[in-house]
Amino acid sequence: MSAPRRGRDRRAEVILPAPGRNRFTGDAPRTAVIGGGIAGLAAATALAERGVRVTVYEREEALGGRLTGWRTRLTDGSGATMGRGFHAFFRQYYNLRGLLRRTDPGLTGLVALPDYPLRHSGGLTDSFARVPRTPPWSALGFVALSPTFTWRDLAAMNPRAALPLLDVRVPDVYERFDEVSAEDFLYGIGFPEAAHHLAFEVFSRSFFADPRELSAAELLLMFHIYFLGSSEGLLFDVPREPFPQALWEPLGGYLEQLGAQVRTGTAVHGVRPLDGGGVEVETDGGTERHDAAVLALDVAGLRRVVATSPRLGTTAWRDDIARLRTAPPFLVSRLWLDRPVRADRPGFLGTSGYEGLDNISVLDRWEGEAARWARRSGGSVVELHAYAVDPRRERKEVQEALLTQLHAVYPETRDARIVDARHVWRADCPLFPVGGHAHRPPVRTAHPQVVTAGDAVRCALPVALMERAATTGFLAANALLAGWGVRGQVLWTVPRAGRSPLLRAAAALARPR
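In the working numbering, each residue carries its 1-based index in the sequence shown increased by 372.
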């Protein structure tokens with residue numbers, strides 16, 4: 373059982389589980405893991421590796437949750453794997469990368485992209501390729517190299533308002549800034565408009581949310597994770613093949629080798645805690661008894677299961693689950709073009725000011741399936757993302773607007789014929805609204821045998837997005853294992869406070885007295 377490995381940051385922190393025996397040697401408990409996304413797979417892996425009899429229930433036909441994929445047939449007869457779009461696997465994702473190492477110890481299934489350029493419609497472009505990775509030189513280097521952030525801008529900032537960026541801690545950051553919007557925080561510290569759009573609005577929209585609605589605490593946490601808290605930097609890796617083939621099918625096979633049952637296409641309709649201990653899980657196939665359950669569902673799925681499970685949780689907990697919200701709709705448009713995109717275009721480009729277009733990916737630059745199609749056809753595979761789309765807009769109008777903006781950003785695509793296109797609309801990512809942190813569920817529930825996991829779950833570690841899903845999945849497994857006297861999964865995290873004593877002392881000046 374390999375523990376997640378940290379990256380280059382010598383100050384990354386190890387989180388040790390409760391002591392106990394290494395694994396079950398006799399009759400082991402049965403545990404239902406409800407949800408086969410990142411959180412559920414992390415929980416199932418930690419449990420199954422320690423001898424727990426695990427059953428994974430996944431409503432969809434494939435594993436991966438919001439990073440799943442499915443086969444489709446293009447108009448030219450080619451087979452392709454469609455999914456929900458580009459995701460960046462940052463080097464700070466220690467626990468997610470540790471999960472992937474179970475089937476790929478060297479992480480050879482991931483490939484590094486050389487840069488993370490961000491472009492504004494006004495013509496300015498930022499890059500992270502040459503920015504130092506070690507704080508505070510990372511932030512200073514970004515300012516020095518950025519055409520959107522001058523030293524004059526730095527002098528015009530409100531230094532006292534910016535001090536909290538120097539020492540971000542959980543849960544303190546939520547206690548102080550959860551009632552402030554990300555947009556208000558940015559304007560309050562006086563960031564220049566161009567840097568606001570490029571360096572920070574792009575990050576806030578990584579949560580699929582408008583920065584006017586997003587909690588500033590999440591934005592500060594992101595700043596800590598990527599800039600002033602970690603020396604892993606802002607460059608990232610992406611899978612060499614589509615998500616199912618590269619990640620989830622191998623991990624599903626690994627779980628089955630450990631004795632776990634993986635039941636895709638199986639929706640759970642209810643979970644009932646039993647008076648004598650254990651739970652009953654209801655599916656279309658009937659009711660099954662387990663000793664414990666991990667609720668690793670997305671927001672809509674968690675709300676649905678809780679609503680149909682009247683004995684689950686306390687009244688306050690159920691009310692909090694019912695009030696969880698999802699972010700506005702997002703669109704992923706994938707285009708198979710009959711000619712290549714210009715060779716000097718980056719594999720990934722973040723964009724701002726392009727009427728809703730948030731980024732462009734040229735998939736054939738790194739994904740094997742797309743690259744093979746491009747070689748056969750002489751074309752290219754391009755993906756466009758639009759986050760936090762106004763739900764009142766007509767979908768076709770949004771799709772056409774993204775295509776128009778692609779032509780503006782990459783003019784060589786104007787004359788390209790679209791061999792085929794797929795447009796994926798979803799609205800199932802958690803929203804982290806202003807004032808919402810206290811109502812997000814923690815890992816533990818009122819029932820010792822029931823735990824929750826996922827990127828909407830409260831976590832006392834500085835993690836976000838996919839890494840929060842993986843980390844809470846492991847934490848949920850650890851909570852159950854500790855109750856059974858079994859040692860759980862070792863975890864890693866970026867430093868849980870500001871890196872520099874001097875910067876921490878400066879940040880203390882901004883704390884309420």
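Positions of the beta carbon are idealized from the N, C-alpha and C atoms, including for glycine.
Put simply, the backbone Cα of Asp736 is about 44 Å away from that of Arg876. As far as DSSP is concerned, Tyr759 takes part in no beta bridge. When the Cα atoms are used, Leu729 and Arg661 turn out to be separated by approximately 48 Å.
Counting C-beta pairs with one atom in each stretch, the stretch 519-533 and the stretch 504-511 have fewer than three that are closer than 8 Å, which means they do not touch. Across the structure, Val483 and Pro884 are spaced so that their CA atoms are roughly 44 Å apart. In the three-state reduction of the DSSP assignment, His459 falls in the coil class. Contact between the stretch 663-670 and the stretch 405-412 is present: three or more C-beta pairs spanning the two stretches fall below 8 Å.
A residue is called buried when at least 16 other Cβ atoms come within 10 angstroms of its Cβ; Arg748 does not meet this threshold and is exposed. For the stretch 764-816, the continuous beta strand (DSSP E) assignments of 3+ residues that do not extend past its boundaries occur at 790-798, in sequence order. Taking C-beta atoms under 8 Å as the contact rule, Pro834 and Leu593 qualify, at a distance of about 6 Å. Contact check for Phe580 and Ala760: beta-carbon distance about 6 Å, within the 8 Å limit, so the pair qualifies. According to the DSSP assignment, Ile406 belongs to the beta strand (DSSP E) that extends over Arg402 to Ile406. DSSP, read as helix, strand or coil, puts Met838 in helix.
A Cβ-Cβ distance of about 12 Å is found for the pair Val704 and Gly441, leaving them out of contact under the 8 Å criterion.
When C-beta atoms of the stretch 678-698 are compared with those of the stretch 802-821, three or more pairs fall below 8 Å, so the two segments count as touching. For Val666, the enclosing beta strand (DSSP E) begins and ends at Ala664 to Leu667. Note on geometry: alpha-carbon atoms of Ser587 and Asp399 lie some 46 Å from one another. Sorting Gly423, Phe720, Tyr598 and Val643 by C-alpha distance to the C-alpha of Ser681 places Val643 at the top. If only complete runs of 4 or more residues are kept, the stretch 447-507 shows the alpha helix (DSSP H) at 466-472, in order along the chain.
When the Cα atoms are used, Gln464 and Ala742 turn out to be separated by approximately 27 Å. Rounded to the nearest angstrom, the gap between the Cα atoms of Pro489 and Phe563 is 19 Å. Counting every other CB atom within 10 Å of its CB across the protein chains shown gives Leu388 a total below 16, marking it as exposed.
Taking a C-beta distance under 8 Å as the contact criterion, Val405 and Ala418 do not qualify as a contact pair. For the 8 Å CB-CB criterion, Arg717 and Tyr782 form a contact. Sixteen is the threshold: since fewer than 16 other Cβ atoms of the shown chains lie within 10 Å of the Cβ of Glu766, the residue is exposed. If you look at Pro611, you'll find it in the beta strand (DSSP E) that goes Phe608 to Pro611. The continuous beta strand (DSSP E) containing Asp730 extends over residues Leu729 to Val734. Going by DSSP, Phe396 is part of no alpha helix (DSSP H) at all; its letter is neither H nor E.
A residue is called buried when at least 16 other Cβ atoms come within 10 angstroms of its Cβ; His492 meets this threshold and is buried. Annotation: Thr444 to Val791 spans about 14 Å, alpha carbon to alpha carbon. According to DSSP, residue pairing for Val754 in a beta bridge involves Leu707 and Val734. Bounds of the beta strand (DSSP E) holding Gln633 are Gln633 to Thr636.
DSSP places Gly860 outside any beta strand (DSSP E), giving it a letter other than H or E. Annotation: Ala880 to Leu874 spans about 10 Å, alpha carbon to alpha carbon. Minimum Cα-Cα distance from Phe462 among the listed residues Pro519, Leu606, Ala511 and Phe521 corresponds to Leu606. Between the stretch 538-550 and the stretch 623-640 there are fewer than three inter-stretch CB-CB distances shorter than 8 Å, so the stretches are not counted as touching.
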